[in-house]
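What follows is a set of notes on a single structure, which appears directly below.
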Amino acid sequence: MWRLARDISKKNNHIGRCVRNVTGSSVRINNASVTSIDYFTNTSTTKLAGVSASDGMRKFSSMVAQRFEEEPYESAIAKGYDSFEAMLTCGGDDRSLILESSTNKYHIRPQPVDPDHVFRGSCTGNPPTQRGYDAAKKLYETLNSIEEGSLDSAIADVFADQRNRISNVLQLEEGTEVIIVPSGSDAEYLPLAIARSLKGNVPISNGITQLREIGAGSAPAAVGEYFSTHAPLKGKLSDDVKYLSGFEGLDGINIPAREQNGDAIDASKKMDEFVTTSLAAGSYPIVHGVFGGKTGIRDERMPGSMDGGETSLGVVDACQGRFSLNELHGWLKQDSIVLYTSSKFYQAPPFCGAVIIPPKIAAKIRNSPGPKEMMSLDGLGGFLTDKELPDCLENWKPLLQKENCANVGLALRWEAGLAGMEALENIPDERRTEAYKEWADAVATMVKKEAVLDPWCVERSIVSIRVSKQADDGQSWLSMSELRDLYRWMSMDISNLVPGATDEEKNALSKPAYIGQPVDVAESHAIVRIALGVESMLSYFENKDETLQEDQITVLKLAAIGKHFNTLKQSGI
Ligand SMILES: Cc1ncc(COP(=O)(O)O)c(C=O)c1O
């Protein structure tokens with residue numbers, strides 16, 4: 009078994025695994041060091057720290073440490089998480105790092121939430137579900153017991169297996185290929201690299217839609233910029249780098265999701281104009297459509313690739329994972345590249361993504377040279393190794409090949425995501441559609457009954473809600489910063505902070521309920537979201553009434569916070 013090398017040379021600035029025998033070393037995990045923040049707190053501190061209840065000590069054995077894993081791993085361990093949980097946060101960008109708060113920047117812990125709490129926040133990032141946590145832990149334990157020197161090949165096998173399982177669950181046609189990527193944001197680098205591979209050194213223009221309702225990193229990534237302070241396989245970046253090496257000189261346009269008044273913008277027409285002007289200017293256009301952004305809105309049309317990718321590349325951002333198999337297969341038939349994650353609807357921990365390549369494009373890339381200039385460690389090599397790549401990218405593999413380098417954290421997160429995907433696999437789309445429609449109707453009806461709430465936008469399994477506030481100038485709505493407070497309070501027991509609340513309100517205020525983060529959608533207001541994820545959909549199939557009771561208490565809590573917002577604000581929490 010490997011042990012974590014705790015004194016990895018900081019001078020060692022190439023990616024490489026550093027293994028050292030530290031047999032018998034142990035680390036004192038102090039429960040007291042785990043701060044009692046309410047967010048996603050798992051009540052079981054024994055599990056959290058991995059501490060043996062008898063002596064407060066645990067054997068410190070872990071996966072091998074690679075240079076890029078040092079910071080996330082150590083940050084998580086410093087907050088009392090065990091080796092497996094720390095490893096769940098490795099191999100991503102800054103969004104996965106455990107901060108002073110003992111959570112990542114989205115207030116998420118690498119542990120399942122307390123089963124007595126309500127979880128309806130499956131849109132930006134999720135803590136692992138119990139199902140996902142168990143599946144990932146099983147993989148971790150297997151990997152932790154393999155022989156020294158075999159991690160690279162073991163992880164290559166794991167990713168190959170995961171690509172196969174993704175293909176099976178999504179029923180992908182033969183010839184369709186899957187690239188595993190660290191997140192939906194860095195998935196945006198792949199169409200650029202594919203375009204370079206197919207078309208050589210032509211100017212490339214990338215058109216993005218639904219700005220502000222896709223990931224904040226998607227737009228910069230779509231023109232080859234870094235979107236984080238960290239790259240998954242490099243760790244912290246130096247302050248002066250802006251573009252990935254080999255990705256300079258790309259241009260593009262961004263179309264916002266909404267007008268200032270909150271009306272959705274039909275980007276499809278603007279994308280048609282973008283294609284025409286790009287082609288006229290001698291550029292190769294990459295054209296996006298978003299199939300469900302943060303509030304679930306979908307662009308009118310999902311773009312295909314023209315002439316099988318000869319003239320343009322169509323990209324469907326389906327990162328929310330809220331689509332039917334028919335819809336997915338339709339995009340692939342029109343040769344669109346599909347961006348996907350299992351860390352939204354399917355509730356894998358943050359973050360893990362995939363790029364699905366349609367058969368015609370896969371066949372073309374197979375016969376094209378790899379875009380060598382994009383593949384260094386300062387380029388795509390900071391995000392991918394050869395192990396995440398499918399067969400059609402055989403030409404790319406030598407360019408990305410890394411010995412002693414394996415993104416274990418990403419493999420663990422995908423294992424958790426696949427556990428969710430496979431749990432729902434046998435429920436046909438018709439039943440899922442029927443269920444989320446019924447659920448969304450029921451939740452919207454609950455919201456409408458509350459005077460201070462408005463179901464502003466209902467799209468598939470996401471109900472976006474605005475909350476009114478008592479203002480001198482008549483009715484107005486809580487702003488983005490006010491909803492940040494509300495979002496935080498939703499996850500806490502705040503029943504003792506509102507003396508004037510009714511018993512029903514106090515009951516709701518006492519229940520931690522994790523909802524989707526606020527989104528700034530209009531000049532006049534922002535919204536928060538109640539979103540059905542894989543686990544709540546499964547629980548809806550199992551016990552509709554019980555599931556809707558959880559939604560009811562979430563809605564009552566939102567309303568009580570809205571009604572008593574000023575009191576809560578004055579309490580200083
Ligand atoms: C539609 C859409 N695309 C892309 C992303 C970015 O994905 P990730 O958070 O995995 O980087 C998001 C994130 O919320 C999203 O909603």
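Numbering (the working numbering), first residue to last: 9 to 581. Even glycine gets a Cβ: it sits at the ideal position worked out from N, Cα and C.
- Within the same chain, Cβ atoms closer than 7 Å to the Cβ of isoleucine 222 are found at Val298, Gly301, Asp325, the five residues on either side in sequence being excluded.
- Excluding its 5 nearest sequence neighbours in each direction, proline 311 has C-beta neighbours in its own chain below 6 Å: Val295, Gly297, Gly322, listed in chain order.
- By the C-beta density criterion, proline 357 is buried, having at least 16 other C-beta atoms within 10 angstroms.
- When DSSP states are grouped into helix, strand and coil, tryptophan 404 belongs to the coil group.
- Going by beta carbons, isoleucine 187 and leucine 333 fall outside the 9 Å limit.
- By the beta-carbon neighbour count (other beta carbons within 10 angstroms, threshold 16), glutamate 77 is buried.
- Relative to ligand 1, the beta carbon of phenylalanine 359 is positioned inside 8 Å of a heavy atom.
- Using a Cβ distance threshold of 9 Å, alanine 568 and valine 506 count as a contacting pair.
- Judged by DSSP in its simplified three-state form, asparagine 214 adopts strand.
- In this structure, lysine 113 has its beta carbon at no less than 8 Å from each heavy atom of ligand 1.
- Rounded to the nearest angstrom, the gap between the Cα atoms of proline 211 and serine 291 is 5 Å.
- Here DSSP, grouped into helix, strand and coil, assigns serine 344 to coil.
- In the DSSP assignment, isoleucine 163 falls within the unbroken alpha helix (DSSP H) covering 159 to 177.
- Contact annotation, alanine 539 with arginine 128: C-beta distance approximately 6 Å; criterion of less than 8 Å satisfied.
- Per DSSP, the continuous alpha helix (DSSP H) segment holding proline 228 begins and ends at 226 to 230.
- At least one heavy atom of ligand 1 sits closer than 8 Å to the Cβ of aspartate 325.
- When beta bridges are read from the DSSP output, lysine 244 appears opposite His238.
- For cysteine 131, the shortest separation between its Cβ and any heavy atom of ligand 1 lies below 8 Å.
- At least one heavy atom of ligand 1 lies closer than 8 Å to the C-beta of glutamine 218.
- Taken through DSSP and simplified to helix, strand or coil, proline 463 comes out as strand.
- A contact is defined here as three or more CB-CB pairs under 8 Å, and the segment 526 to 534 meets this definition with respect to the segment 484 to 501.
- Per DSSP, the unbroken alpha helix (DSSP H) holding glutamate 513 starts and ends at 511 to 517.
- Counting along the chain, leucine 321 sits inside the beta strand (DSSP E) bounded by residues 321 to 325.
- Put simply, the segment 493 to 513 does not touch the segment 451 to 465. Fewer than three CB pairs are less than 8 Å apart.
- Bounds of any beta strand (DSSP E) do not take in alanine 289, whose DSSP letter is neither H nor E.
- Inter-residue distance for lysine 341 and threonine 184 is about 10 Å (C-alpha atoms, whole angstroms).
- As a beta-bridge residue in DSSP terms, lysine 477 pairs with Ser484.
- Beta-bridge partners assigned by DSSP to tyrosine 251: Glu233.
- Fully enclosed alpha helix (DSSP H) runs of no fewer than 4 residues occupy 416 to 432, 437 to 456 of the segment 409 to 474, in order along the chain.
- Relative to the non-hydrogen atoms of ligand 1, the Cβ of leucine 336 never comes closer than 8 Å to any of them.
- At least one heavy atom of ligand 1 is found less than 8 Å from the C-beta of aspartate 194.
- In the displayed model, leucine 540 falls within coil according to three-state DSSP, outside both helix and strand.
- In this chain, aspartate 102 is not harboured by any beta strand (DSSP E), its DSSP state being neither H nor E.
- When the beta-carbon positions are compared, tyrosine 548 and tryptophan 404 stay at least 9 Å from each other.
- DSSP places arginine 309 in the coil class of the three-state scheme, outside both helix and strand.
- Under the DSSP definition of a beta bridge, asparagine 262 partners with Ile216.
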